[in-house]
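Chains as they are written, first to last, in this note's numbering: chain A, 1 to 174; chain B, 175 to 348.
Have a look at the structure below before the remarks.
There are 2 protein chains.
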Amino acid sequence: MKRIAIDMDEVIADANLRIIDWYERDFRRRITFEELQGKSFMDVVLPEHRAKIREYLHTDGFFKDMAVIEGSQEVVFELSKKYEIFITTAAMEFPTSFMHKYEWMKEHFPFIPWSHIVFCGDKSIINADYLIDDRSRHFRHFRGQGILFTSPHNVLEDWNPRVNSWKEVADLLL
Amino acid sequence: MKRIAIDMDEVIADANLRIIDWYERDFRRRITFEELQGKSFMDVVLPEHRAKIREYLHTDGFFKDMAVIEGSQEVVFELSKKYEIFITTAAMEFPTSFMHKYEWMKEHFPFIPWSHIVFCGDKSIINADYLIDDRSRHFRHFRGQGILFTSPHNVLEDWNPRVNSWKEVADLLL
């Protein structure tokens, strides 16, 4: 059985939406997905707001109750009948995220057992056939095939295969 | 550069000693390492105490301030000059351990960056050349070479290579 490793943030959990919401709460401006095309949050906010955004990621609660990316639950469930699924998230950079990420998985992906959740940093440690991720840097030393999941920040990157939605993941792998 | 994955509990962190100490605190009997040869804690305690021992592992604080296994810091440091080192621990079974394990690593192995710490369950997800672990079950689907680190519970197991101490790890790999 082939194995798929799947990232969390911006692939199954909507981290962008959380930043947009918190930024609006703090600075009264709603950043749009259109503005973010090919850019990071750091590029579109005022320089004096950047420290605050960096702080968000280390704030207890940032990773709590994130919205689920559309279609991910259904497609991952279907994939889990044909492939071995691991959720592999670079949580080590954000220790305040550990419990929230774990609880989030239990709530939204209860069919993924705890044995198949991985908190890591450098994803070259992952032994899988496919890695679905929004950060192509994780593919550089990955031993399998990287599949780039579209997120505003990576739209200008050249990577094949790229998937724009969970519907496209299903088309590619099911 | 070859890569070594190293388990935490009973390999670099003395989980056995923690159970022995807590068991003595609660039941006024000190279990010895001699009694544990070839056995698990469940085998040597009274049946009515087993639930309590299972509970220890899920108790906040169990993984905090564990003693460091003799020689591990020095040898892992030397290994880190010749190999890429990842610490790979099956933390997912014990969510209360996340922060304690992370802090423990920062305190006792500060030369291992957060990017090289992995909390997982099923270790077949680990992509490394060697895995030093006290549980041989993790070697079954591991793609590299498993190296069994002696712990009382595994002394009767037949596995080659086996190392009885960090001195022996140094002899084998340095």
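Even glycine gets a Cβ: it sits at the ideal position worked out from N, Cα and C.
If you're wondering where the values come from, they're calculated on a predicted model, not measured in any experiment.
Consult DSSP for Phe-62/A and reduce its assignment to one of helix, strand or coil. If DSSP states are grouped into helix, strand and coil, Phe-62/A belongs with coil.
Can you find at least 3 beta carbon pairs, one from the segment 307–322 of chain B and one from the segment 158–170 of chain A, that sit closer than 8 Å? Fewer than three pairs of CB atoms, one per stretch, sit closer than 8 Å, so the segment 307–322 of chain B makes no contact with the segment 158–170 of chain A.
inquiry  = Please give the ranges of any alpha helix (DSSP H) in the segment 10–39 of chain A, keeping only runs that are unbroken, at least 4 residues long and fully inside the region.
reply    = Uninterrupted alpha helix (DSSP H) stretches at least 4 residues long and entirely within the segment 10–39 of chain A occur at 15–27, given in chain order.
* Cβ-based neighbour list, Phe-149/A, same chain, cut-off 6 Å, excluding 5 preceding and 5 following -> Non-local C-beta neighbours of Phe-149/A in its own chain, meaning closer than 6 Å and more than five positions away in sequence, comprise Val-11, Ile-132, Asp-134, Val-163, ordered along the chain.
> For the beta strand (DSSP E) that Glu-70/A lies in, which residues bound it at each end?
Replying inline: If you look at Glu-70/A, you'll find it isn't in any beta strand (DSSP E); DSSP assigns it neither H nor E.
Notebook entry, point to check: Can you tell me whether Ser-214/B is buried or exposed, with buried defined as 16 or more other CB within 10 angstroms of its CB?
Noted result: That one is exposed.
Open item on the list: Could you give the first and the last residue of the continuous beta strand (DSSP E) run that contains Leu-346/B?
Closed with: For Leu-346/B, there is no enclosing beta strand (DSSP E); the enclosing alpha helix (DSSP H) has its first and last residue at 340–347.
**Request:** Please state whether DSSP places Ala-128/A in a helix, a strand or coil.
**Result:** In this structure, Ala-128/A counts as coil in the three-state DSSP scheme.
Query raised in the report: Are Ile-243/B and Ile-261/B close, meaning C-beta to C-beta below 8 Å?
Result: No. Outside cutoff.
Which residue from Thr-32/A, Phe-27/A, Thr-59/A puts its Cα closest to that of Asp-46/A? Per the sequence shown, the amino acid found at residue 46/A is Leu instead of Asp. Of the candidates Thr-32/A, Phe-27/A, Thr-59/A, the one whose C-alpha sits nearest the C-alpha of Leu-46/A is Phe-27/A.
From which residue to which residue does the beta strand (DSSP E) around Phe-316/B run? Careful: Phe-316/B lies outside any beta strand (DSSP E) and carries neither H nor E.
Next on the checklist: Quick check on DSSP: helix, strand or coil for Ala-5/A?
Outcome noted: Annotated three-state conformation of Ala-5/A is strand, per DSSP.
Backbone secondary structure at Ile-112/A - three-state DSSP:
In the structure shown, Ile-112/A falls within a coil segment according to DSSP collapsed to helix, strand and coil.
Worksheet item: Which residues, in chain order, does the segment 278–312 of chain B contribute to contact with chain A at a C-beta distance below 8 Å?
Response: For the segment 278–312 of chain B, the beta-carbon criterion of a distance under 8 Å to any beta-carbon of chain A is satisfied by Pro-287, Trp-288, Ser-289, His-290, Ile-291, Val-292, Phe-293, Cys-294, Gly-295, Asp-296, Ser-298, Ile-299, Ile-300, Asn-301, Ala-302.
- Item | Cα-Cα separation between Val-75/A and Asp-332/B, rounded to whole angstroms | Whole-angstrom Cα-Cα distance: 43 Å.
Which whole-angstrom value describes the C-beta separation of Tyr-56/A and Phe-62/A, a residue pair presumed to lie in contact below a C-beta threshold of 8 Å? Yes, Tyr-56/A and Phe-62/A are in contact; Cβ-Cβ is about 5 Å, under 8 Å.
Got a sec? Which residues, its chain only, sit under 7 Å from Ser-80/A by beta carbon, not counting five neighbours each side?
Closer than 7 Å at the Cβ level, and outside the excluded window around Ser-80/A, lie Phe-111.
If contacts are defined as beta-carbon pairs under 8 Å, then Ala-187/B and Tyr-304/B qualify, I think. What distance do you get, rounded to the angstrom?
Not really, about 19 Å apart at Cβ, beyond 8 Å.
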